[in-house]
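Numbering (the working numbering), first residue to last: 27 to 247.
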Amino acid sequence: MELLLLLLMLTSCAAIPQNLSGKMFVFPEQTNTAHVRLIAPSKPLSAATVCFRSITDLSREHSLFSMATPAADNVLLIFKAKEQDTFFFYTHNNQAIFGGQDYKVNEWQSICGTWDGSSGLVQLFKDGKHSVKKLGGKSTISNPTIILGQDQDAVGGRFEAEQSFVGMMSDVHMWDYKLSDCEIKRYMEEVNFTPGNVLNWHALDFQITGKVLIDVKQMVC
Ligand SMILES: *[C@@H]1O[C@H](CO)[C@@H](O)[C@H](O)[C@H]1NC(C)=O
């Protein structure tokens, strides 16, 4: 019995953070299963910044970054809407709609979202440009489940293939505060920036389910 417990503890602690510098996740096909779960420290969040780079040829809607809690399946969600150049940025299930975002297919794009839990204001940044600020949800976020590749309609599940991400994603970082505009710019230009203190691509704790591959990040030569 004690041995079994020890084994269970060992396997649950076995996830050693990986340095994915120069790597990317490849989501090669549309499924309602394939995803990456990102493991973050359990400290509650009263603000957040999420940044990532992605490339896709999808024209349908798709999830880019999905965080869920038992209270809110869209506790923080960055979602490309069906409408051209439009994003939904949810916090605590409140939807902020960002239009005119010039979303390109077959091109790497840098996307960041900031959320201030005291004012509830959210803002989107894409390739060096900031959106207007809109109203999201207030109050802290506790123990979210964070998933790439699928949209959670319940904690860790109820995925729909028609909302899955197909493409490649890299440089995922999350901070427990609102990054300054200059720091976001540095992230977007891939120069020295402070790595995420909630999720850090250079020390990422994650679990892959289904067909998601890790490959060398493709650069434009
Ligand atoms: C991750 O790897 C890159 C490239 O090999 C290296 O420059 C960087 O220092 C590493 N970061 C950490 C946190 O280990």
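Ideal Cβ positions, reconstructed from N, Cα and C, are used throughout, including at glycine. Computed from a predicted model, the values in this text were never measured in an experiment.
Terminal residues of the continuous beta strand (DSSP E) containing residue i?
i      : result
Met50  : 49 to 53
Tyr129 : No beta strand (DSSP E) contains Tyr129, which DSSP labels as neither H nor E.
Asp168 : Asp is not the amino acid found at residue 168; the sequence shown has Ser there. Counting along the chain, Ser168 falls outside any beta strand (DSSP E), and DSSP gives it neither H nor E.
Gln233 : 232 to 235
Ser92  : 88 to 94
Asp99  : Element bounds for Asp99: n/a, residue is neither H nor E.
Ala74  : 73 to 82
Between which two residues does the alpha helix (DSSP H) harbouring residue i extend?
i      : result
Cys138 : Element bounds for Cys138: not the alpha helix (DSSP H) but the beta strand (DSSP E), 135 to 142.
Asp207 : 207 to 214
On the CB-based measure, 16 or more other CB atoms within 10 Å of its CB, does residue i come out buried or exposed?
i      : result
Val242 : exposed
Leu225 : buried
Lys130 : exposed
Met245 : exposed
Cys247 : exposed
Gly48  : exposed
Asp99  : buried
Thr82  : buried
Going by C-alpha to C-alpha distance, which of the options sits closest to residue i?
i      : options                        : result
Thr166 : Lys69, Gly48, Ile210, Gln189   : Lys69
Phe151 : Leu71, Glu215, Gly143          : Glu215
Ser190 : Pro43, His61, Gly48, Leu205    : His61
Ile65  : Ala74, Gln135, Ile234, Ser72   : Ile234
Thr171 : Pro67, Glu109, Ala73           : Pro67
Ile14  : Asn45, Phe113, Gln44, Met50    : This structure cannot settle anything about residue 14, because the visible part of the chain is limited to 27 through 247.
Asn169 : Ala97, Ile42, Phe91, Pro54     : Ala97
Gly236 : Gln127, Gln176, Asp202, Asp197 : Gln176
Lys204 : Val148, Lys160, Asn218, Gly163 : Val148
Phe124 : Ser144, Phe105, Ala41, Leu174  : Phe105
Rounded to whole angstroms, how far is the Cβ of residue i from the Cβ of residue j, which I believe are closer than 8 Å?
i      : j     : result
Ala187 : Thr57 : 6 Å
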